[in-house]
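Line by line, the protein sequences are chains A and B. Numbering of the first sequence is given in this note's numbering, commencing with residue 15 and proceeding in unit increments. Numbering of the second sequence is given in this note's numbering, commencing with residue 18 and proceeding in unit increments. C-beta atoms are modelled at their ideal positions from N, C-alpha and C, and glycine is treated no differently. Structure record follows, encoded as structure tokens.
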Amino acid sequence: MRAVLVCAPVALTVLFGCQSAPELVVVLPGADGRTGAVVVERGAERTLLDQPYAASRTGPQAGPARLTEQEVRQTFGDALATIPARPATFLLYFVTGTDELTEESKGELRRMLEELRRRPSPDILVIGHTDRVGADEQNDRLSLQRAERVRADLASQGIPADRIRAAGRGEREPVVPTADGVDEPRNRRVEINVR
Amino acid sequence: MRWFIAIGAVLLAAAAQASDVGEIKTVRGAVHIERGGTLLAASPGMNVRQSDVLVTGADGAVGVTFLDNSLLSLGPGSRLGIDHYSFDSTTHAGRFDSSLSKGTLAVVSGKMVKQSPDAMRVRTPTGVMGVRGTEFAVQVGESGR
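See the structure below:
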């Protein structure tokens, strides 16, 4: 530990041949099954790591490496276990012209609540939308009303209201683009972003 | 005069919100935030700001979700500085620089890296990691156990 403190500046390390703490970088397969990439730069040297568990070390075992899943767990288990829950998006749909959820979406609301309760400090953005039936101003109002309704439903189920923001986007962002005046159930929705 | 005070108050409120760049979601054991000269005990729901330093004790671990949905966590005996964080939620442009001086860090990159592959960098005492996405981990120093 003391060595780390004394040797931290790289210039000193080079000048006095003092040993820096060993370092390790490893690329992990993503939750979606795809593996990304990290470019490691040390001085003039650039290393691209873009395969699952591809790693680069400094120190006694300096150089490229490929770690096993078990080695990753041993070294990074505590950090990986503490990574926050992945952000998630839910969609709820409404009966035409109202802030009443469709029967199907009532079930989805319950599933969403279970997911929210698993999060220690959820932060929730509710965005209401409408289809293109009715006037613009009316749809702005209705979209916000839908978002506020979902917000109230969540709050009544014990999700802290101050953790929920609600906004209305009217008919501006249809999922399915239509001509004005078209009754499109998939556009009558509220999108809920949970973090 | 009253107007000036009102405008000042609005600006202050906006500034306070603008400087929150993430939120602590998970805490285990002893975890602190060094902010300016003060040491704050970390708890879930607490905001993280640019220039904060996250510090975990020998039994500590912490997870943070940032504005662009970058997720980041530290294992025991770690120290991470949030050197720079900016994110435009409309264009998804941004920059996220942090530095790990010891311990273990796990990262899931967020929207800004998807938008621009040069947006996120993690520094260590001897190197710089350019994050092209998505999940990776970094250790500085020997394992704490």
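Within chain A, the residues whose beta carbon sits less than 8 Å from that of VAL79/B are THR96, listed in sequence order.
Counting only residues of its own chain and dropping the five nearest sequence neighbours on each side, LEU56/B has a CB closer than 7 Å to the CB of HIS49.
Across the structure, GLN67/B and LEU117/B are spaced so that their CA atoms are roughly 15 Å apart.
Checking the DSSP bridge columns, you'll see PHE104/B partnered with GLY111/B.
The residues THR144, ARG146 and ASN153, in chain order, have a CB closer than 6 Å to that of GLU185/A in the same chain once the five nearest residues on each side in sequence are set aside. Using a CB distance below 8 Å, the part of the region 122-135 of chain B facing chain A consists of LEU122, ALA123, VAL125 and SER126, ordered along the chain.
Taking a Cβ-Cβ threshold of 9 Å, the residues of chain B close to VAL40/A are PHE153, ALA154, VAL155 and GLN156, in chain order. Taking a Cβ-Cβ threshold of 8 Å, the residues of chain A close to LEU91/B are ALA93 and THR96, in chain order. Under the Cβ distance rule, PRO188/A does not count among the residues neighbouring chain B, no pair being separated by less than 7 Å. Taking a beta-carbon distance threshold of 7 Å, GLY111/B does not count as an interface residue toward chain A.
The bridge partners DSSP lists for GLU40/B are ASN64/B and THR82/B. GLU55, ARG56, LEU63, ASP64, THR72 and VAL86: these are the residues of the region 55-86 of chain A whose beta carbon lies less than 8 Å from some beta carbon of chain B, given in chain order. Of the other Cβ atoms in all chains shown, fewer than 16 fall within 10 Å of the Cβ of VAL109/A; this residue is therefore exposed.
Around the beta carbon of GLN75/A, fewer than 16 other beta carbons sit within 10 angstroms, so the residue counts as exposed.
In the DSSP assignment, GLY150/B falls within the beta strand (DSSP E) that extends over 145-150.
By the 16-neighbour rule on beta-carbons within 10 angstroms, GLU152/B is buried. Within the region 34-55 of chain B, contact with chain A at the beta-carbon level (separation under 9 Å) is assigned to GLU40, ILE41, LYS42, THR43, VAL44 and ARG45.
Among the residues of the region 127-139 of chain A, those with a Cβ less than 7 Å away from any Cβ of chain B are PRO134, SER135 and ASP137, in the order of the chain. Fully enclosed alpha helix (DSSP H) runs of no fewer than 4 residues occupy 117-131 of the region 95-147 of chain A, in order along the chain. Beta bridge pairing from DSSP links ILE206/A with PHE104/A and VAL140/A. Between MET129/B and ASP76/B, the CB-CB gap reaches or exceeds 7 Å. In this structure, ALA95/A sits away from ALA123/B, with a CB-CB distance that is not shorter than 7 Å. Taken through DSSP and simplified to helix, strand or coil, THR55/B comes out as strand. Excluding residues up to 5 positions away in sequence, PHE104 and VAL140 lie with their Cβ nearer than 6 Å to the Cβ of ILE206/A in the same chain. The contact set of THR141/B on chain A, defined by CB atoms closer than 7 Å, consists of GLU37 in chain order.
A Cβ-Cβ contact shorter than 7 Å links PRO98/A with THR43/B. Counting only Cβ-Cβ distances below 9 Å, LEU97/B has no contacts in chain A at all, with the closest Cβ about 11 Å away. Per DSSP, the unbroken beta strand (DSSP E) holding LEU63/A starts and ends at 59-63. The shortest CA-to-CA distance from ALA154/B to any of ASP167/A, GLY91/A and VAL208/A is the one to GLY91/A. Interface residue (Cβ-Cβ distance to chain B less than 7 Å): VAL147/A is not classified as such. Going by DSSP, GLU151/A is part of the alpha helix (DSSP H) stretching over 150-170. As the crow flies, the alpha-carbon of GLY46/B is around 25 Å from that of PRO36/A. Residue range 137-140 is occupied by the beta strand (DSSP E) that includes VAL139/B.
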